[in-house]
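> Numbering-wise, this note's numbering comes out as the position in the sequence shown, counting from 1, plus 647.
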Amino acid sequence: MSPDQQNLPIGVFDSGLGGLTVVRAIRELCPAERIVYLGDSARVPYGTRSAATVIRYSKNCAACLSSIGLKMLVVACNTASSVALPALRAQLNVPVLGVIEAGARAVAQCGARVVGVIGTAGTVGSGSYPAQLAQIAPSCEVVQQTAPLFVPLAEEGWTEGEVPLLVARRYLRPLVERQIEVLLLGCTHYPVLHHAIAGALQDLRSHAAIINSATAMAKDVQRTLCEQGLLRTGRGELRCLVTDQPSGFEEMSARFLGERPTDVELIDII
Ligand code: DGL
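Printed below as a string of structure tokens:
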């Protein structure tokens with residue numbers, strides 16, 4: 648690969664802030680990469696919408712990012728990864744990575760027999776995680792649960808204390824009753840609620856290990872960049888684009904990213 652291609656940014660998109668948990672994991676593992684993050688804040692949430700709508704929104708996001716010039720597209724949104732990957736791979740001529748394959752691979756590596764998956768209605772309804780796990784870990788039993796209240800709790804910053812703990816206990820109880828050994832966080836918003844989720848599992852006397860698909864995704868990005876000779880050296884950078892309310896995004900994103908982004912641009916992608 649030419650140095651020009653190595654220097655191109657990685658495009659990452661999600662419905663809003665949540666995908667910054669994936670950006671954070673990629674920056675930790677591949678600090679020299681240039682990343683352009685697009686948060687479709689005008690149209691969040693994706694998790695409650697039909698597959699056709701999520702595919703349309705995802706194609707808009709991919710077209711916007713690829714017009715900048717990319718070496719890779721990372722679909723950080725679990726809901727979009729569940730339904731839109733074939734359409735995005737047909738649309739772009741660079742590697743397109745989704746979180747479902749990465750998360751499922753991380754689960755398969757644990758060798759667990761019973762796996763709990765929590766996600767949006769769109770992700771759970773698509774059956775993407777059970778389908779992926781059936782291919783790579785056929786003996787593994789998958790128990791799914793939607794956890795819709797986790798998204799607004801994360802966006803509001805209610806990540807600690809009794810409210811998220813109560814909600815987490817309610818969502819996780821049916822999974823614990825099925826004796827899950829591993830819990831996969833199948834939504835980009837959930838890693839910021841890790842503490843409450845771990846506390847609820849403990850309260851319910853479960854020893855299930857928590858797997859964060861953001862970390863698994865970052866490992867996938869690093870491996871693909873290495874395989875394709877696309878790893879960059881030098882100083883990394885992050886540019887953030889949003890489709891609505893850049894000031895709110897800037898303020899709240901520190902929670903997901905671990906730092907406040909310096910430069911957030913408002914764009915129109917439709
Ligand atoms: N980012 C979405 C996901 O990972 C959750 C938020 C939404 O519903 O848009 O599925």
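For every residue, glycine included, the Cβ atom is placed at its ideal position computed from N, Cα and C. Just so you know, these numbers come straight off a predicted model, no measurement behind them.
Considering only C-alpha positions, which residue in the set G804, E824, R816 and L872 is nearest to V790?
V790 has its Cα closest to that of E824, out of G804, E824, R816 and L872.
> Can you pull the DSSP bridge partners for Q792?
Answer is I765, bridged to Q792.
> Between G763, I857 and T767, which has its C-alpha nearest E788's C-alpha?
Selected option, being the one with the closest Cα: G763.
> In or out: A749 buried (at least 16 other Cβ within 10 Å) or exposed?
Buried.
> Which residues mark the beginning and the end of the alpha helix (DSSP H) in which L822 is found?
E809 to E824 is the span of the alpha helix (DSSP H), which, as asked, contains L822.
> Mind checking whether the beta-carbon of G876 lies closer than 8 Å to any heavy atom of the ligand DGL?
No, since every heavy atom of the ligand DGL falls outside the 8 Å radius drawn around the Cβ of G876.
> So does the segment 735-750 actually touch the segment 681-696, counting three or more Cβ pairs closer than 8 Å?
No, they do not touch.
> Please name the residue, chosen from V911, R902, A737 and L885, that lies closest to P678 on a Cα-to-Cα basis.
The residue with the shortest Cα to Cα distance from P678 is L885.
> For A727 and L851, I'd like the C-alpha separation in whole angstroms.
Using only the alpha carbons, I get a separation of about 31 Å.
> Does V741 come out as helix, strand or coil in the three-state DSSP assignment?
Coil, per DSSP.
> Just mark P821 as buried or exposed, buried being the case when its beta carbon has 16 or more other beta carbons within 10 Å.
Per the 10 Å Cβ criterion, exposed.
> Measuring from the CB of C873, is there a heavy atom of the ligand DGL at a distance below 8 Å?
Outside the cutoff, so no.
> Can you give me the C-alpha to C-alpha distance between H854 and N707, rounded to a whole angstrom?
Taking the straight line joining both Cα atoms gives about 41 Å.
> Taking DSSP as the reference, what is the three-state secondary structure of E912?
The answer is strand: DSSP assigns E912 an E or B state.
> For N725, I'd like the list of residues in its chain whose CB is within less than 6 Å of its CB, leaving aside the five on either flank, ordered along the chain.
So the qualifying residues of the chain are V746, G766, T770, G833 and C834.
> Go ahead and pull the three-state DSSP assignment for V659.
It is a strand residue.
> Return helix, strand or coil for Y684, following the three-state DSSP convention.
Y684: strand per DSSP, three-state reduction.
> Can you determine whether any heavy atom of the ligand DGL sits closer than 8 Å to the C-beta of V691, and answer yes or no?
At least one heavy atom of the ligand DGL is nearer than 8 Å to the Cβ of V691, so yes.
> Looking only at its own chain, which residues have a Cβ that is under 8 Å from the Cβ of P715, when we skip the five neighbours before and after it?
Correcting the residue type first, residue 715 is Ile in the shown sequence and not Pro. Within the same chain, I715 has close Cβ partners P656, G658 and V683.
> Exposed or buried, what is A709 when buried is set at 16 or more other beta-carbons lying within 10 Å of its beta-carbon?
Buried, by the Cβ-count rule.
> How do the segment 695-704 and the segment 663-673 stand: do at least 3 beta-carbon pairs fall below 8 Å, yes or no?
The answer is no - the segment 663-673 does not touch the segment 695-704, with fewer than three Cβ pairs under 8 Å.
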